[in-house]
Structures are given as C-alpha cells and as structure tokens.
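Q: Per numbering that gives the first Met the number 0, the sequence shown starts with residue 0, numbered consecutively.
Even glycine gets a Cβ: it sits at the ideal position worked out from N, Cα and C.
These numbers come from a predicted model, not from an experiment.
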Amino acid sequence: MTGPLSGLRVLDISEGIAGPFCARLLGDLGADVIKVERPGGDWSRRLGPFPGGVEDAEQSAAFFAFNTSKRGITLDVDTDAGRESLAHLLATHDVVIAGETAGELSARGLGFDQLAAWNQRVILTTISGFGSEGPRAPWKWSHLTTCATGGWARTCGLPDREPLQAGGAITETLTGAFAAVATLLAVYGRRQHGIGDHVDVSAQQAALCAALFPSLRYEYSGALADRNSALGPGPSFILPAVDGYIGVNVLTPLQWSTMCDFLGRPDIAGNPRYAGSERVRLSAEVSAAFAEAVRERPVAELFHEGQTWRLPFGLIPSIAELLELPPHRERGFFVSLDHPVAGAVEVPGIPFKSTATQPVPFRPPLLGEHNNEVLTDRAEPPTWPLAALHSDSDRNPSPLAGLKIVDLTMFFSGPLATQIAGDAGADVIKVESVQRIDGWRGATAGPGEAPWERAPNFNWVNRSKRGITLNLADDRGVALVKRLIADADVVIENYTPRVMGNFGLGYETLRAINPRIIMMSMPGFGGDVSWRDYVAFGMSTEQMSGISHLTGYAGGPPLFTSTNGGDPFVGVIAATALLAALHYRENTGEGQHIDLSQVEACTLFVSDAVAGWTLAGVDPGRVGNFHPTHAPYGIYPCRDDGWIAVDCRNDEQWGPLAAAIGRPEWSEPSSPLANVPGRVACRGEIDAALSEWTRAGSHLALAEYLQSLGVTAGAVLSGSEILDDPQLAARQAFIEQDRPGIGVKHYPAQPYSFRYATPSPNRRAPLLGEHSREVLLERLGLSLPELDELEAADVIGTVPLAAR
C-alpha cells in the first residue's frame, strides 16, 4: 500500500534531531522526502553511537534513527550554484523543513520571501529553540537547555539533588513531532486557499506543552512545583521488585483504593490520614509501605496481576527488553532495515495500523546517494489538489475550518489530539456523561464549588471544544451519538478495545452509518494483541516506552520525568496520524479506521536509543546530566536556590566559557582541556570550578550573560518565571481565558505559529454538558420537550451524579 501522504514532496534541509525527526515522520507516512546535506554531511552523522565506538558517517545510530524514509543528496546551499539547484528543486516541492530561525535563513538567502519567489505555494517550516521572533530568538539551544527553559528540569530529579534532564533527546523529538503536525495543517489549509505559508516552531513552547503545567499550577494554587521524580501523580511510584522495577501507577480515587487492596494494604485505603491530596504529601510513608509489598515479587507477576485488577501498572524495560515486549512483536512494530554498510538495523516503525494504508519505512540514505537521481530529475509540479492563488495580504482561514469531530476521549493523550484540531478551526464536540465525567476533571480538581470545573489539566487540554453529555450506557445516548457521527468527519476514542464494541460503536457499525468517517482508536497496546485490554495511562506509557529506563541519575533507579508522562507524545502522534488520514481522504474519498498503540507512539520518541542498541550494541541507560561529546554539560547551582543548564557544545564555546569562570588557561592549545575528549575525561574538575562560579550569580542573569558569549545555556524556570518569561511573552505563548468560578488564567498555546493562517476563535474548555442543548438542537433538530425528557432521565445533564 502507498502511504497516506503519497504525492507530498518535502525538502529536508535541517540537521540534528528535531527537523530530521519531523521530516522522518512525513516520509514514513509516504511523503517523498529529499534529505539535503551539506558536503560534509548532517552533524548527527558524527553523533553516534557507532559500532565498536569507531566514528563512521554511515553508521551513526542517531542519523539512522531520524532519517529513515528519505532519499539523500549533498548540496552547498550557501553558494550561488547550490541555491540555484535548490531553487530548481523547490519548483516541484511542497514543503521545506529547516532547523533554523527565519532570520538565520534570510541571512543565507533562504528566507520565506525568497523561497516564495521561487514557488508561491511552498510551505516553509522553521524549527528552533525559541522561535523566530522575540528577544531570545538567536539563543543557542539543546535538549538540556530546553528541559530547563521549558519547565521540565524544575520538577525532574530528587529534592536533595540537582535538577535532571529527561532521558534521551525527547524534547527535540517532541519538537519535531509538533513541527510535523503544524506542517500538515499548513498543507491541508493550502488545499482550500492555494497559497503557501511559513510555519514557525519553538522547542521551548513544545516542552512547555508537555510539562506538568508548572505555570498553571502556580496560577491556580500559588504552588511552585519542585523536584520529586520518585513520585508520580496519584501518587504513583517506580519500585524495586525481586527482578527489576515496576511502575505502581494510579490516578483516580478508584484506582487508589484498588491498588491498596491489590498490594494487601486495605488499611491505607481506608485511613483518612491518606485521603485526597494528603497521600501525596505523605508519599514517603506510602512508598515505603508499597515497596515492602512488592520487593519479593517478580515484576511480570505484579504487572499482569495488576492489570487483571484494571490497574495501569507499567514495566520498565531496558532497550533490549523493549524490543521483545509481546505487543511489539505481535504487531511487528519494530522494522528491520537492511543498510549496505550497517547491515540489518531495527528501529521503531509506524505506531498505528490503518484499514486504508500501511506504508513501510525504508533505510536512511548514504551521504549523497541520490545526487544523480534527484539533481537531474525534471519532475512534474506537485500533484496535490490546489485552489486558486489569492493575495498574500489576505488572511487564510483556519486550516481545519468546517471539519466536524466527535471526541469520545478522556484524560490527556486523546484530548490533546482534538485540542490541536480545535485550535486549527475544527468543530470538536467533546462527549462525556453525568455518570462518568472525564477523569481529568476529578484527578486534578481544585477546591471550591463544582470542583469538576476547577481542574487546570482539563481546562487546558480541552479548550477549543464544545462539550455535551450523553449516557452511552443508555440506548438513547448511543442513538444520539450515532446521529452525530453520521454527519461528522472524524470520531476519536481512547478506551480499551472492548468498550466501543460494548457500546455498539465499532468501526464497521460506524462505517455503515458514514462511509467517509475516519475513526481513530487509541488503546494502550493496540487493538490486535494479547494485551489489547490492558490499561495504560501517561505514567505507564512513559515507563513502557524506554523513557523511564533512560531517566535518572547515573547509577540510580529509573525516575519519572515529572512531565505529563507519555500522554503528550502520544497525543501529537495521534494528531499526525489524523491529519495524514484527512489528506488521504481528500485524495481518495475513503475513510478509515486507525488503531494507534499508545506505547508504540511513545516509543517512537526514543528511536535513537533503539538504533543505538540494534546498530552499535549501546544502551545508554541512566546517565544523569551527561553527554558523551559535550563538556562541560550539566545543571549547576546558582544563588537563591536557582539553577542553570550549561551545554558547551564545542571548542568555540569553551574558550569564552573558560575565560568567564576565571580559567582562561584551560582553553589554551597546550591544555589537556582544550578539546572535547580532554574535557570529558576531566569533567569532575571542570564541574567543580563551574559550580563555584555559578553559585554567586542569578540563574536568569547568568543565562543572559553566557548566551551573549555564544555559550548554550538556559535558566531552570519555575512556574512563576515561565509566566514572566520575556521570550514566551513575545511569542504570545499563552492564551488568556476567563472561566466561570476560576477567573482569568493563562493557558499554553500551541508551540507553532503561521504567517497567514487565521487563529481559531478563543474558546475556553466547556463546562460539563454546557453545549448539550445547543448541539442537539443545532445538529440533530431535537425539540425542547425531547431535551427535557433526556435531562430528566440523566441521558444529558450538567452535574455529575456522584455530586448530587
């Protein structure tokens, strides 16, 4: 089968991780991606790891992981001849992916206005640390500094230790995934209006969208979250068992009491001392009790038995163990790609199955492998259907304006996918019931009247939607949701597979009602595996994907990232899959069913660790704040309990940094610290000197100073500092919304902006059942007496039954 993006032509001129991962996602789904490398190659070819530790540009695990499904050419686009060749290619391509700010590209003669002069329909996606506008747009960035500035490092780690980066390079892969979503939105919108667009993506904002809402928590409660990565929400724990670690995860009150019973401690569940938020405050006591209950039991026994109790327990596999998890082997998730130099290498494949298409990724290119094929090609112009061009002084409509989505998802991952669609103009109808409200309303509810309306997590992830209630355990509720689906474009749900069938809402039933419907199911492990009915939450998908295995201090246990776990990663991939399906339907008229595995989607973000193992035999495990080729690299103490992340990426940055800390001799050519291997070997000595220097300064001022020297650095920001951050303010990174009973709060916006596309109306998250009457009158034509009857029978309503 061809992929859903077949016919889309992409030029990837980015390097490293974020941009190439964006282009890889498009290529894996069928787009024709041309990787344009400078003559020396993408710098990730030198990143490794390599077989035997010997550098080889064709055997870098990092390059392999982020450049599948591309053809490759070499081109020096900073020369007149190179730009001429690029202009020729651009005439027949739809999208350009760049890993620089708009200003940096313009300085090279490759800005959007220049590209649009070559091809007015082109979509340029620029990906950078802080976005193309604002006072910090020129700042250097990395995974480490994005953890700091994006709100992750403040909460990742242990209270008596330094803040931690999350394992792997997942802020960068997350940024790349958001860029893929934004690119597809622009491509879809171009069908309607014909003109190209400039999409600009900020890594800092992407990280903020996945953080544990530090700024919202501060606004809602005045609390500043701090490090406690041994503790997840609920509370949840990663505990040592007899043969490894087990994720003991809960989120809802029912899961809490069930877990206490399962672990033989019903006395804890019934003790008012541990009621509500008190059990989080007393988490050390709870953890000790549960640790005693699991320490002599095998991990597999705990995991499988916990799942029979409907508890979202999680395994914490090594990379080798990750490859052998039964659902992955049953679904064929990992694909073996035969490379002419590296041999057979397994990498994560496509994390969903479709009834319409199932493309297969192919190996990354050798350096310049397709020069003759591509640079002599005289391809026809793009085949995507396009509307007539209009003046670029006009604002384009929102990309998904007019699209109708029925949203049956709860908690975070599914609602994030539909939030993205709603923010892009889709009419999203969120369906809950008074019998079973979205668990995110209760799990994070604040004090006061109607607590289910005071949950910051729910109120962020469910903006840009209308909300209705329908009891799907009642035939009348099922009949009504079927009528909504009959007129919809998309229905999305994240139940375990048995649930939709029990409701009578399986795909075959819905396709009979609406042949063009796109249905997305988001079970934890996939709908066609032996674990199909196992429960998964964000904490467990983070654990099961390898992220927890990679997160922690060197020599220490696995830790939570203290973000929203795997959910934001899954939600962005779900949005990517949904947009690809919409493109496919525009080309073919066909709907489809997408079966997306949440654990597979999350695993995609550690593709480099998987390739490192299968290509080079390297599992990095937990290394704390360490980088094999950057030094110094870490998070260092400042005055007033502040911290600063410093990532000295090369010798050019080392000279001014060494001088700043009063050790200029360390960068002299004769010094053993003048080169990266010497600095890595003497990391402890350098860290001690750097820490002594940073302790006297403000983390905010030091970040400004080091960046002025050209050193990659970022302050570890708290929730209040995020709200006051001048770069986020310049980027309009928060949406101001006034909610009844809550007042005005500031919710993180999407981490991308468009030059031409019109933002969707600013719609706050719905109150429970707020739009039931409006939607059922408008869409289905029900009468007022019929609505009154439904409300009397609790088929619809605005107050949870449990609160009456």
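Taking the alpha carbon of Asn227 as the point to measure from, which residue in Glu218, Ile237 and Arg475 has its own alpha carbon closest?
A: The residue labelled residue 227 in the question sits at position 228 within the sequence shown. Comparing Cα positions, the closest option is Ile237.
Q: Whole angstroms are fine: how far does the CA of Val76 sit from the CA of Arg682?
A: Stepping through the sequence shown from its first residue, residue 682 is reached at position 683. Stepping through the sequence shown from its first residue, residue 76 is reached at position 77. The alpha-carbon atoms of Arg682 and Val76 are separated by roughly 37 Å.
Q: Pull up the distance between the alpha-carbon of Val528 and that of Met543, whole angstroms please.
A: For the purposes of this step, residue 528 is taken as residue 529 along the sequence shown, with counting starting at 1. For the purposes of this step, residue 543 is taken as residue 544 along the sequence shown, with counting starting at 1. Approximately 16 Å between the Cα atoms of the pair.
Q: On the CB-based measure, 16 or more other CB atoms within 10 Å of its CB, does Glu99 come out buried or exposed?
A: For this step, residue 99 is matched to residue 100 along the sequence shown. So Glu99 counts as buried.
Q: Would you identify the three-state DSSP class for His389, choosing helix, strand or coil?
A: Indexing the sequence shown from 1 puts residue 389 at position 390. Unreliable positioning characterises His389 in this predicted model, as indicated by a pLDDT of 49, which lies under 50. The coordinate reading is nonetheless provided below. Note: His389 maps to coil in three-state DSSP.
Q: Mind the definition here: the region 160–176 touches the region 632–645 only if three or more C-beta pairs lie below 8 Å; say whether that holds.
A: yes
Q: Buried or exposed: which applies to Val200, given that a residue is buried once 16 or more other Cβ atoms fall within 10 Å of its Cβ?
A: Indexing the sequence shown from 1 puts residue 200 at position 201. Buried: at least 16 other Cβ atoms inside 10 Å.
Q: Note down, one range per segment and in chain order, each beta strand (DSSP E) of at least 3 residues found wholly within the region 206–264.
A: Secondary structure remark: continuous beta strand (DSSP E) runs of at least 3 residues inside the region 206–264, in chain order: 235–240 and 243–247.
Q: Cα separation between Ser596 and Ala576?
A: One-based indexing of the sequence shown puts residue 596 at position 597. One-based indexing of the sequence shown puts residue 576 at position 577. Taking the straight line from one Cα to the other gives about 12 Å.
Q: Does the region 320–328 touch the region 261–279, meaning 3 or more C-beta pairs lie closer than 8 Å?
A: Counting Cβ pairs under 8 Å, fewer than three are found: no touch.
Q: What does the Cβ neighbour count give for Val490, buried or exposed, with the cut at 16 atoms within 10 Å?
A: Taking the first residue of the sequence shown as position 1, residue 490 is located at position 491. It counts as buried.
Q: In chain order, what residues of the same chain have a beta carbon less than 7 Å from the beta carbon of Pro363, not counting five sequence neighbours either side?
A: Start at 1 with the first residue of the sequence shown, and residue 363 comes out as number 364. These residues qualify, in order along the chain: Phe62, Phe63, Asn66, Thr67 and Lys69.
Q: Are the beta-carbon atoms of Gly166 and Thr550 separated by less than 8 Å?
A: On the sequence shown, residue 166 is found 167 positions in, with the first residue counted as 1. On the sequence shown, residue 550 is found 551 positions in, with the first residue counted as 1. Contact: yes.
Q: With DSSP as the reference, please indicate the residues paired to Ala299 in a beta bridge.
A: Looking up residue 299 in the sequence shown gives position 300. According to DSSP, Ala299 bridges with nothing at all.
Q: Could you give the residue range of the alpha helix (DSSP H) that holds Ile419?
A: On the sequence shown, position 420 is the one that residue 419 refers to. Note, Ile419: alpha helix (DSSP H), Ser412 to Asp422.
Q: Are the CB atoms of Phe559 and Cys601 within a distance shorter than 8 Å?
A: Here residue 601 refers to the residue found at position 602 of the sequence shown. Here residue 559 refers to the residue found at position 560 of the sequence shown. It is not a contact, given that the beta carbons lie outside the stated cut-off.
Q: Kindly list the residues whose CB is nearer than 7 Å to the CB of Asp391, restricted to its own chain and excluding five residues on each side of it in sequence; keep chain order.
A: Counted from its first residue, the sequence shown places residue 391 at position 392. Low local confidence applies: a pLDDT of 49 at Asp391 is under 50, so the model's placement there is unreliable, and no value is given.
Q: Counting Cβ pairs closer than 8 Å, one from the region 495–502 and one from the region 518–537, do we hit at least three?
A: yes
Q: Of all the options Trp642, Leu402, Ala615 and Leu779, which has the alpha carbon lying nearest to the alpha carbon of Glu720?
A: Walking along the sequence shown from the start, residue 720 turns up at place 721. Per the Cα distances, Trp642.
Q: Figure out for me which residue from Thr417, Ala400 and Leu399 has the closest Cα to the Cα of Asp406.
A: Indexing the sequence shown from 1 puts residue 406 at position 407. Comparing Cα positions, the closest option is Thr417.
Q: Give the straight-line distance between the Cα atoms of His389 and Ala485, rounded to the nearest whole angstrom.
A: Stepping through the sequence shown from its first residue, residue 389 is reached at position 390. Stepping through the sequence shown from its first residue, residue 485 is reached at position 486. The predicted model places His389 with a pLDDT of 49, which falls under 50 and marks its position as unreliable; any figure quoted below should be read in that light. Cα-Cα distance, rounded: 34 Å.
Q: On the DSSP letters alone, give me the boundaries of the alpha helix (DSSP H) that Met538 sits inside.
A: For the purposes of this step, residue 538 is taken as residue 539 along the sequence shown, with counting starting at 1. Element bounds for Met538: Gly537 to Met543.
Q: Enumerate in chain order the residues of its own chain whose CB-to-CB distance from Asn118 is below 8 Å, with the five nearest sequence positions on each side excluded.
A: As a working mapping, residue 118 is identified with position 119 in the sequence shown. Once the five neighbours on either side are set aside, the close Cβ partners of Asn118 are Leu89, Ala90, His92 and Gly195.
Q: Of all the options Arg531, Gly130 and Asn395, which has the alpha carbon lying nearest to the alpha carbon of His192?
A: Taking the sequence shown and counting its residues from 1, the one referred to as residue 192 is at position 193. Taking only the C-alpha atoms, the option nearest His192 is Asn395.
Q: Alpha carbon to alpha carbon, what distance is there between Asn761 and Gly620?
A: Stepping through the sequence shown from its first residue, residue 620 is reached at position 621. Stepping through the sequence shown from its first residue, residue 761 is reached at position 762. About 43 Å.
Q: Can you name, in chain order, every residue of its own chain whose Cβ lies under 6 Å from the Cβ of Ala343, other than the five neighbours on each side?
A: Stepping through the sequence shown from its first residue, residue 343 is reached at position 344. Here the set comprises Ser335 and Asp337.
Q: Run through DSSP, which three-state label would Gln113 get?
A: Position 114 of the sequence shown, counted from the first residue, corresponds to residue 113. Helix.
Q: When we look at the beta-carbon of Asp422 and count the other beta-carbons within 10 Å, is it buried (16 or more) or exposed?
A: Within the sequence shown, residue 422 is the residue found at index 423, counting from 1. Result: buried.
Q: Can you list, in chain order, the stretches of the alpha helix (DSSP H) that have 4 or more residues and sit fully within the region 444–472?
A: 455–460
Q: Tell me the residue span of the beta strand (DSSP E) that contains Val490.
A: Position 491 of the sequence shown, counted from the start, is the residue given in the question as residue 490. Per DSSP, Val490 belongs to the beta strand (DSSP E) from Val489 to Glu492.
Q: Taking 8 Å as the threshold, find out whether the region 737–753 comes into contact with the region 237–255 through three or more Cβ pairs.
A: no
Q: If you follow the beta strand (DSSP E) that Gln591 is in, where does it begin and where does it stop?
A: Position 592 of the sequence shown, counted from the first residue, corresponds to residue 591. Start and end: Gln591 to Leu595.
Q: Could you tell me if Ala644 is buried or exposed, where buried requires 16 or more neighbouring beta carbons within 10 angstroms of its beta carbon?
A: Looking up residue 644 in the sequence shown gives position 645. Residue environment: Ala644 is assigned as buried (16 or more neighbouring CB atoms within 10 Å of its CB, all protein chains considered).
Q: Three-state secondary structure (DSSP) at Ile546?
A: Reading the sequence shown from its first residue, position 547 is the one you call residue 546. Collapsing the DSSP output to three states places Ile546 in a helix.
Q: Whole alpha helix (DSSP H) runs in the region 53–101 with 4 or more residues, listed along the chain?
A: With a minimum length of 4 residues, the continuous alpha helix (DSSP H) runs that stay inside the region 53–101 are 60–65 and 79–89.
Q: Which value, in whole angstroms, describes the spacing of the CA atoms of Gly102 and Asp225?
A: For the purposes of this step, residue 102 is taken as residue 103 along the sequence shown, with counting starting at 1. For the purposes of this step, residue 225 is taken as residue 226 along the sequence shown, with counting starting at 1. C-alpha separation (whole angstroms): 36 Å.
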